[in-house]
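Reading through the structure tokens given below for one structure.
Residue numbers (our numbering): 445 to 918.
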């Protein structure tokens with residue numbers, strides 16, 4: 445029979461505060477969890493779960509390897525640690541993260557393994573603009589941090605040149621499944637994605653002192669998405685652009701806001717500050733009280749009901765708590781434009797604090813139809829949580845401080861996840877569905893099958909036994 449060292453823990457933990465749950469101790473545990481997923485130099489795996497679109501298909505493709513779109517967040521986190529305390533280990537990791545991006549460029553110029561919810565993405569065409577352009581910013585930040593004369597700068601210059609040529613040739617006005625080709629300037633025609641591309645081109649222009657790509661492609665695309673066809677100044681909402689009358693969800697509004705902040709910092713545009721103010725107002729409107737008395741963020745608006753009623757009707761069918769760390773940080777950045785975001789951000793922190801698990805994971809979503817998402821953190825949300833905790837707890841991390849990752853059994857409804865530093869096992873209705881060794885990218889093994897030299901055996905002794913409740917949230 446399985447045995448548990450500590451008493452069972454039920455979530456949410458109502459009495460727990462952000463000061464207790466989001467401090468340095470949690471940062472160190474999340475770091476331990478992150479490092480347990482290290483699969484090679486600069487390569488970190490994880491669960492590929494998509495909170496907004498409920499995607500978990502990478503499990504059936506047996507892949508829990510890296511996705512270089514997330515390398516930018518990891519690199520930014522490492523650089524933040526280095527800014528407080530120089531460390532040979534963290535500097536080595538920063539260099540490895542950049543080497544991973546350089547290594548994953550295709551001959552045409554795009555990046556392999558840049559399609560998180562579609563991983564493993566063996567061709568650049570299997571990914572979209574946001575995930576093709578995120579790695580570009582990591583390269584540009586590293587270029588800024590690398591002394592002149594270092595040969596790595598020359599390598600980065602070549603990769604940047606090939607990628608921008610590929611992206612602005614193959615992807616320009618390519619469109620999406622609903623609208624192809626685009627009849628207006630842009631790449632895929634989805635607001636949040638194409639604004640990531642605009643911001644990346646702006647950073648390229650500033651870093652390399654080459655404004656031609658931004659002026660030829662970035663600025664016309666910016667005009668598209670700041671225009672009335674996409675941005676409604678009355679509601680403060682953006683159309684997505686990949687189906688008719690479909691507005692961007694709140695998590696994507698935060699991506700849009702961060703990209704507009706970066707663009708405006710590099711190339712000031714008088715249209716942007718009023719939009720940032722309205723985005724702040726929209727995010728504040730979207731916060732509500734759930735059945736537990738916690739403040740939560742709506743998914744977005746119900747487009748059809750909003751059109752019928754003439755006022756915003758918010759979608760509250762699930763809670764995308766995995767998005768909260770990035771959203772809270774974005775709301776902090778937007779406070780100069782809309783001061784009421786301070787209170788809203790603090791409220792979301794209080795809700796997040798109640799769902800930080802013993803091994804540093806947080807739910808991807810709280811959704812009664814997807815209990816898996818309540819017990820496992822998607823890689824995107826996990827690295828954002830790590831970076832958020834670094835921001836919340838400034839200072840360096842010495843590798844000697846990092847704790848041993850506990851063995852945890854976590855359950856929600858009919859799903860159970862057992863995880864350790866070595867691997868994980870997922871079961872449904874007490875029957876194993878998958879198990880996997882973390883350090884093997886294609887190491888997910890469906891029940892009844894075998895993997896040669898498979899080293900992982902699910903433990904029968906747990907440091908923590910956890911139960912996640914969903915029903916009272918939505």
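Each residue gets a CB set at the ideal place from its N, CA and C atoms; glycine is no exception.
Pairwise C-alpha distance: residue j and residue i
i           : j           : result
residue 832 : residue 589 : 21 Å
residue 532 : residue 519 : 15 Å
residue 643 : residue 525 : 24 Å
residue 860 : residue 875 : 9 Å
residue 781 : residue 788 : 14 Å
residue 567 : residue 600 : 21 Å
residue 699 : residue 640 : 8 Å
residue 904 : residue 734 : 36 Å
residue 825 : residue 496 : 12 Å
residue 543 : residue 790 : 37 Å
residue 817 : residue 765 : 10 Å
residue 638 : residue 461 : 37 Å
residue 608 : residue 670 : 23 Å
residue 889 : residue 871 : 12 Å
residue 541 : residue 473 : 21 Å
residue 856 : residue 739 : 21 Å
residue 943 : residue 800 : As shown, the chain starts at 445 and ends at 918. That puts residue 943 outside it, with no answer to give.
Neighbourhood of residue i by C-beta, 7 Å cutoff - its chain only, sequence neighbours within 5 removed
i           : result
residue 838 : 528
residue 730 : 694, 741, 742 and 758
residue 535 : 526
residue 778 : 701, 720, 723, 724 and 785
residue 773 : 832 and 835
Close beta carbons around residue i, own chain, < 6 Å, minus the five adjacent residues each side
i           : result
residue 674 : 635, 682 and 683
residue 476 : 846, 847 and 849
residue 710 : 646 and 650
residue 548 : 512, 555, 556 and 557
residue 873 : 858
residue 798 : 456, 457 and 460
residue 498 : 814
Beta-bridge pairing of residue i - partner residues as DSSP gives them
i           : result
residue 859 : 856 and 872
residue 710 : Paired residue(s): none; residue 710 is not in a bridge.
residue 810 : 763
residue 455 : 912
residue 676 : 681
residue 494 : 499
residue 741 : 731
residue 879 : 869 and 889
residue 822 : 491
residue 919 : Since the first and last residues shown for the chain are 445 and 918, residue 919 lies out of range.
residue 758 : 745
residue 691 : 683
C-beta atoms of residue i and residue j nearer than 8 Å
i           : j           : result
residue 583 : residue 545 : yes
residue 858 : residue 452 : no
residue 517 : residue 828 : yes
residue 867 : residue 882 : yes
residue 680 : residue 726 : yes
residue 902 : residue 841 : no
residue 575 : residue 595 : no
residue 793 : residue 580 : no
residue 736 : residue 760 : no
residue 687 : residue 631 : no
residue 750 : residue 493 : no
residue 900 : residue 880 : yes
residue 762 : residue 713 : no
residue 877 : residue 819 : no
residue 747 : residue 690 : yes
residue 598 : residue 619 : no
residue 573 : residue 629 : no
Boundaries (first-last residue) of the alpha helix (DSSP H) holding residue i
i           : result
residue 848 : Premise fails: residue 848 is in no alpha helix (DSSP H) and is neither H nor E.
residue 607 : 595-614
residue 547 : 532-547
residue 794 : 785-797
residue 776 : 768-778
residue 570 : Unbroken run through residue 570: none, as it is neither H nor E.
residue 642 : 635-652
residue 508 : Element bounds for residue 508: n/a, residue is neither H nor E.
residue 515 : 515-528
residue 748 : 747-753
residue 665 : 663-670
residue 465 : 462-465
Limits of the beta strand (DSSP E) - the one that residue i falls within
i           : result
residue 484 : 482-484
residue 889 : 888-890
Distance cut-off 7 Å: residue i Cβ against heavy atoms of the ligand SAH
i           : result
residue 575 : Only the bare structure without any ligand can be found here, which leaves the ligand SAH out of the picture.
Close Cβ partners of residue i (< 8 Å) along its chain, the five nearest in sequence each way excluded
i           : result
residue 886 : 506, 507, 509 and 564
residue 657 : 608, 612, 645, 648 and 649
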